[in-house]
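*Asks:* Dropping a structure here in structure tokens format, bear with me for questions.
2 protein chains.
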Amino acid sequence: MKKLLLAFLYCTALHQFSTAQTPALRSIAQYAQQHAGSIMANFTEFLAIPNVAADPAGLQQNAAFIMKMMNDRGIQKVQLLQASTTGAPPAVYGEVMVPGATQTLIFYAHYDGQPVNPAQWDKQLNPFQPKLFSGVLGKGGMAIATPADGAYQSDWRIYARGASDDKAGVAAILYAYDAMHKTGQTPGCNLKFFFEGEEEAGSPHLNEILDKHKQLLQSDLWIMCDGPVHQSGKKQIAFGVRGDTHVDLTVYAAKRPLHSGHYGNWSPNPAMILVELLASMKDDDGRVTIKGFYDDVTPLTPAERKALDEVPSVDGQMKNELGIAQTDMRGLSLSEAINLPSLNINGIQSGNVGKMASNQIPTYATAVIDLRLVMGNDWQRQQQKLIDHIKAQGFYVTDKEPTDEERAAHPKIIKVLRGEAGTNAQRTSMDIPMVKKVIAAVQSTTTDQVVLQPTMGGTLPLFLFEQYLQAKTITVPIANHDNNQHAENENIRIGNLFSGITTMASLMMLK
Amino acid sequence: MKKLLLAFLYCTALHQFSTAQTPALRSIAQYAQQHAGSIMANFTEFLAIPNVAADPAGLQQNAAFIMKMMNDRGIQKVQLLQASTTGAPPAVYGEVMVPGATQTLIFYAHYDGQPVNPAQWDKQLNPFQPKLFSGVLGKGGMAIATPADGAYQSDWRIYARGASDDKAGVAAILYAYDAMHKTGQTPGCNLKFFFEGEEEAGSPHLNEILDKHKQLLQSDLWIMCDGPVHQSGKKQIAFGVRGDTHVDLTVYAAKRPLHSGHYGNWSPNPAMILVELLASMKDDDGRVTIKGFYDDVTPLTPAERKALDEVPSVDGQMKNELGIAQTDMRGLSLSEAINLPSLNINGIQSGNVGKMASNQIPTYATAVIDLRLVMGNDWQRQQQKLIDHIKAQGFYVTDKEPTDEERAAHPKIIKVLRGEAGTNAQRTSMDIPMVKKVIAAVQSTTTDQVVLQPTMGGTLPLFLFEQYLQAKTITVPIANHDNNQHAENENIRIGNLFSGITTMASLMMLK
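Here the protein sequences line up with chains A and B, keeping their order.
Going left to right, the first sequence walks through residues 1 to 511 as my numbering numbers them.
Going left to right, the second sequence walks through residues 1001 to 1511 as my numbering numbers them.
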């Protein structure tokens, strides 16, 4: 019985690691499968190095670890690309020039992770002590020992900060190169590697690094290995990303907190003023009512529209998974919804709630709004539309605490802080020959139809690559969609890591 | 110059302490003035004893201090009235029976204070290290030494927890009795004293104590010495109080926090659902739109209406002091506004704001609503009107976390927790002969017109006195309105404490 079970488990694993459609890719997938023990040991070691912005030494250690992996593989010109700011985490660069190759692909991933609050993680976990589970924590997954025979299963998961976002990207790229090399295959084009260390901090030095190393970083296409595959579990390619910007709102009422009995009905409640303002921003169908909010949107091309229509519907699955009965913008599919700009309340706060609540009229109420952007939107113009709407609701808008004079003159006062950093959306055409080759390559790794997303929901500073390098970018993610990226209990599904190795190898071998 | 200044200061103090209209009251005011040094020393000692619910031993010490004050004054039957619950702070009782007197007044104040967070207090202050200031902290008031000659000034302030709410009440009553006694005056009626120790905790054992000591606590009228005088600085008598009850609201969206890029526009935002709901509760004129919200209100009697019309307007002064340009319910004066039921947002919270904000769609949004009540309102009926309104907005209402089945069946889900304790409003008729004598007595202590408030904004469990003792109550407050009661930096204006002594004495001498 035990033998039978083991054989079955091994089969599941093997099957999951080898859906490749060509002999070359099958041999790469098999190589990775056979060396799963050493690959996972190395990956676990990588995940154990803290990679948060608050720990610059940890980030330097991560960069050193990656350099060693690259040197071990014989990758050339391995070096750190440093910003002029002392202590800023470097990007790690390397390249493999292929005799006769006419085109160059550059692979991007980032080795830094989101900040961690270990107290929010499950008690069994520590963000930098990677732990193997037999499935999803909280859905029957149990902590298990490293398999001595290296027989990992696809549905197992490793929990650690950065497990999927985005050390899995770094790892899949470098293990793919290794497997290709060890199985005697040759890259189809020149390969470059660029691993950033500041993505989760908003890439504050990326522009400087790109500008300084223009020549070194020339390529025909950047492959951005970041983010999740489609919620259906199918592989996907994203041709663009949403943009993003923020606005902070604070509404003022009486200067001191008031007793709600002595002043309730008479002194204005700032939370009520703020909720009325926020409620004015959306109609009953979830559409944003701000004037011109949808006006700038660049329509999808026929090819993009076709791709969007072919994205498999996961709406029913996701509603069930998330426990929601109705969507925000009524009548739109998830894919359609992320191809429109959005207005989201990230947070709202006034007074106290729960056990801390007291019978007061608070002095202010505040909210943070994020505006997601699509092609055609400009982040500053989108902020301005929001501010114009606020003014149209009768508010006096300031960017400071109101003075006594302002308080005396204006019934409704709001402090609006425009987020100073905005990122516009980006999209790469599906019609570029190199892009078409990428689609074909990824398709050759799977029996499923690859999902082509005109826009991915996340925001990456892809416009910087266009601006400083005149480069094209395309995103080929590998992580499972339920990876808890940016939150506690981040994880990567083992099957996604290994499937990602094959995906990256397919790209390295395209001609 | 120094001599002249001192003489001037002394005059200010004397004048402020003696606006009494009868020789008897003038002699009492003068006695208090002449003994200001010892009175303030004793009061300061009293304020230094911690009086928060979290410190039961401190509360017992306060009760013991009050008993000693009463015994020192020859008050009889001094005793602690204990609830059956071990450790509950006792009420302190005492009485003075006057030969030939046919009526009995019972004086109420409470010796416990609101919880303190010393970190929120001004750096110069500690809640239980009473400190004398030359005026209002933050408005030119400076810390000053105790005057060796006892020449306190009216506008000086003592900062400490309980300074005005409500140890000033306890002190004014006992110092008044002392001054009356020492100046050879006799009470006009039998006097009883009842000092509660749990008022700020919601008087959880008051019903039991009243019920158990029905006989001992018989009287013709309770004088509640608690709360502030009118904002104009004039003395006031309040014939009733607003009631109060709470409702906790929590709106649910996706079960896990979502990336606003990947799901914004598609997965509902709980903060947006909650703000839409809250915004539906008031119209543009600040009137509550909940069906029947104002229906149960008992109209004011002609005498109450007349009193209300004669309340001096402080609307302009308060708007200026609070820094607001427009009132909540448009067109109503402050006095009118507190004679109507109100709906106030005590607090609202969803996601994070400020530096903690992240690009998420939160999983829930919550708010605490307090409903202030006036005569005619029933707290449970008022809660029900709110809940019916929520249902009419299409919400599925539950009192637990929603199940998966409920999530699948209902687009809008809200958890509503009814506050389990509600207090109805209370009002005593102005036409009762003993009440008329109280008005005349307070009027005899001042040259200003005494303000007669049909309803005070605060909520006290006065209905318990009606319920258990069939007693009448009337509120005669003495504290300054800007005393920061319930908040940090609580204080009492010296003039208010001494003026309060005369007020209490006038009541003790009425026949």
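Even for Gly, the Cβ is constructed at its ideal location relative to N, Cα and C.
Taking a cut of 9 angstroms between CB atoms, which residues from the segment 483 to 505 of chain A lie near chain B?
*Replies:* Answer set for the segment 483 to 505 of chain A: N484, Q485, H486, A487.
*Asks:* State the Cα-Cα distance for the pair T298 (chain A) and P454 (chain A), rounded to the nearest angstrom.
*Replies:* Each residue's Cα considered, the two are about 12 angstroms apart.
*Asks:* In or out: N525 (chain A) buried (at least 16 other Cβ within 10 Å) or exposed?
*Replies:* Because chain A spans 1 through 511 in this model, residue 525 (chain A) falls outside it and cannot be assessed.
*Asks:* Check the Cβ of G316 (chain A) against every Cβ in chain B and list those closer than 8 angstroms, keeping chain order.
*Replies:* Within chain B, no residue comes near G316 (chain A); the closest Cβ sits about 11 angstroms away, beyond 8 angstroms.
*Asks:* Whole angstroms is fine: what's the gap from T1459 (chain B)'s alpha carbon to S280 (chain A)'s?
*Replies:* Rounded to whole angstroms, T1459 (chain B) to S280 (chain A) spans 34 angstroms at the Cα level.
*Asks:* Kindly list the residues whose CB is nearer than 8 angstroms to the CB of L1332 (chain B), restricted to its own chain and excluding five residues on each side of it in sequence; keep chain order.
*Replies:* Counting only Cβ-Cβ distances below 8 angstroms, and skipping sequence neighbours, we find L1340.
*Asks:* Might you give, ordered along the chain, the residues of its own chain that have their beta carbon closer than 6 angstroms to the beta carbon of Q1082 (chain B), omitting 5 neighbours on each side?
*Replies:* Answer for Q1082 (chain B): P1090, listed in chain order.
*Asks:* For A409 (chain A), go through chain B and note every residue whose CB falls closer than 9 angstroms to its CB, in chain order.
*Replies:* Those are A1325, listed as they occur along chain B.
*Asks:* May I ask you to verify whether the segment 100 to 112 of chain A touches the segment 188 to 196 of chain A, counting CB pairs closer than 8 angstroms and requiring at least 3?
*Replies:* Segments in contact, yes.
*Asks:* Please classify S1499 (chain B) as buried or exposed, where buried requires at least 16 neighbouring CB atoms within 10 angstroms.
*Replies:* Classification for S1499 (chain B): buried.
*Asks:* From the beta carbon of G1351 (chain B), is the nearest beta carbon of chain A less than 8 angstroms away?
*Replies:* Yes, contact with chain A.
*Asks:* Got a sec? Which residues, its chain only, sit under 6 angstroms from P1407 (chain B) by beta carbon, not counting five neighbours each side?
*Replies:* Checking the sequence, you will find Arg at residue 1407 (chain B) rather than Pro. Correct list: empty, nothing qualifies.
*Asks:* Does DSSP classify V435 (chain A) as helix, strand or coil?
*Replies:* Three-state DSSP puts V435 (chain A) in a helix.
*Asks:* Give me the Cβ distance between K415 (chain A) and Y396 (chain A), rounded to the nearest whole Å; I'm assuming they're in contact under 8 angstroms.
*Replies:* Incorrect: roughly 10 angstroms between the Cβ atoms, too far for contact.
*Asks:* Mind the definition here: the segment 111 to 121 of chain A touches the segment 158 to 170 of chain A only if three or more C-beta pairs lie below 8 angstroms; say whether that holds.
*Replies:* Segments in contact, yes.
*Asks:* Within a Cβ cutoff of 7 angstroms, which residues of the same chain sit near S1313 (chain B), ignoring the five residues on either side of it in sequence?
*Replies:* These residues qualify, in order along the chain: S1333.
*Asks:* Starting from R493 (chain A), follow the beta strand (DSSP E) in both directions and report where the run begins and ends.
*Replies:* Residues 491 to 493.
*Asks:* Look up G1323 (chain B) in the DSSP assignment and say whether it is helix, strand or coil.
*Replies:* Here G1323 (chain B) sits in coil by DSSP.
*Asks:* What does a CB cutoff of less than 6 angstroms around T250 (chain A) pick up in its chain, not counting 5 residues either side in sequence?
*Replies:* Y364, T366, K415, listed in sequence order.
*Asks:* Is I1345 (chain B) close to chain A? Criterion is C-beta to C-beta, closer than 8 angstroms.
*Replies:* Judged by the 8 angstroms Cβ criterion, I1345 (chain B) is in contact with chain A.
*Asks:* Determine the DSSP secondary structure at I1361 (chain B), reduced to helix, strand or coil.
*Replies:* I1361 (chain B) falls in the strand class under three-state DSSP.
*Asks:* At a Cβ threshold of 8 angstroms, is G1264 (chain B) touching chain A?
*Replies:* It does: the Cβ of G1264 (chain B) has a partner Cβ on chain A nearer than 8 angstroms.
*Asks:* In chain B, which residues lie with their C-beta within 8 angstroms of the C-beta of N51 (chain A)?
*Replies:* Within 8 angstroms Cβ-Cβ: nothing; N51 (chain A) doesn't reach chain B, min ~18 angstroms.
*Asks:* Considering just the uninterrupted stretch of the beta strand (DSSP E) at E196 (chain A), what are its terminal residues?
*Replies:* Segment 190 to 196, the beta strand (DSSP E) holding E196 (chain A).
*Asks:* May I ask you to verify whether the segment 1145 to 1164 of chain B touches the segment 1470 to 1489 of chain B, counting CB pairs closer than 8 angstroms and requiring at least 3?
*Replies:* These segments touch.
*Asks:* Using 8 angstroms as the cut-off, can you tell me whether the segment 1179 to 1189 of chain B makes contact with the segment 1499 to 1509 of chain B, which would need three or more C-beta pairs spanning the two stretches below that distance?
*Replies:* Touching, per the Cβ criterion.
*Asks:* Going by C-alpha to C-alpha distance, which of A:S38, A:Y252, A:P228 sits closest to D149 (chain A)?
*Replies:* Nearest of A:S38, A:Y252, A:P228 to D149 (chain A), Cα basis: A:S38.
*Asks:* Could you tell me whether the Cβ of S1313 (chain B) comes closer than 8 angstroms to any Cβ of chain A?
*Replies:* With 8 angstroms as the cut-off, S1313 (chain B) does not count as an interface residue toward chain A.
*Asks:* Got a sec: which bits of the segment 1447 to 1471 of chain B sit with their beta carbon under 7 angstroms from any beta carbon on chain A, in order along the chain?
*Replies:* Those would be G1457, G1458, T1459, in chain order.
*Asks:* Measure from the C-beta of R1157 (chain B) to each C-beta in chain A and report whether the shortest distance is under 8 angstroms.
*Replies:* With 8 angstroms as the cut-off, R1157 (chain B) does not count as an interface residue toward chain A.
*Asks:* Which of the three DSSP states is assigned to L1497 (chain B) in this structure?
*Replies:* The answer is helix: DSSP assigns L1497 (chain B) an H, G or I state.
*Asks:* Which runs of the alpha helix (DSSP H), 4 residues or longer, sit entirely within the segment 69 to 138 of chain A?
*Replies:* Runs found: none.
*Asks:* Rounded to the nearest angstrom, what separates I1501 (chain B) and V1374 (chain B) at their Cα positions?
*Replies:* The alpha-carbon atoms of I1501 (chain B) and V1374 (chain B) are separated by roughly 31 angstroms.
*Asks:* Quick check: A1179 (chain B) and T1445 (chain B), are their CB atoms within less than 8 angstroms of each other?
*Replies:* Cβ atoms of A1179 (chain B) and T1445 (chain B): not closer than 8 angstroms.
*Asks:* Would you say K391 (chain A) and K291 (chain A) are within 8 angstroms of each other, going by their C-beta atoms?
*Replies:* Cβ atoms of K391 (chain A) and K291 (chain A): not closer than 8 angstroms.
*Asks:* Quick check on N1480 (chain B): does DSSP put it in helix, strand or coil?
*Replies:* DSSP places N1480 (chain B) in coil when its eight states are reduced to three.
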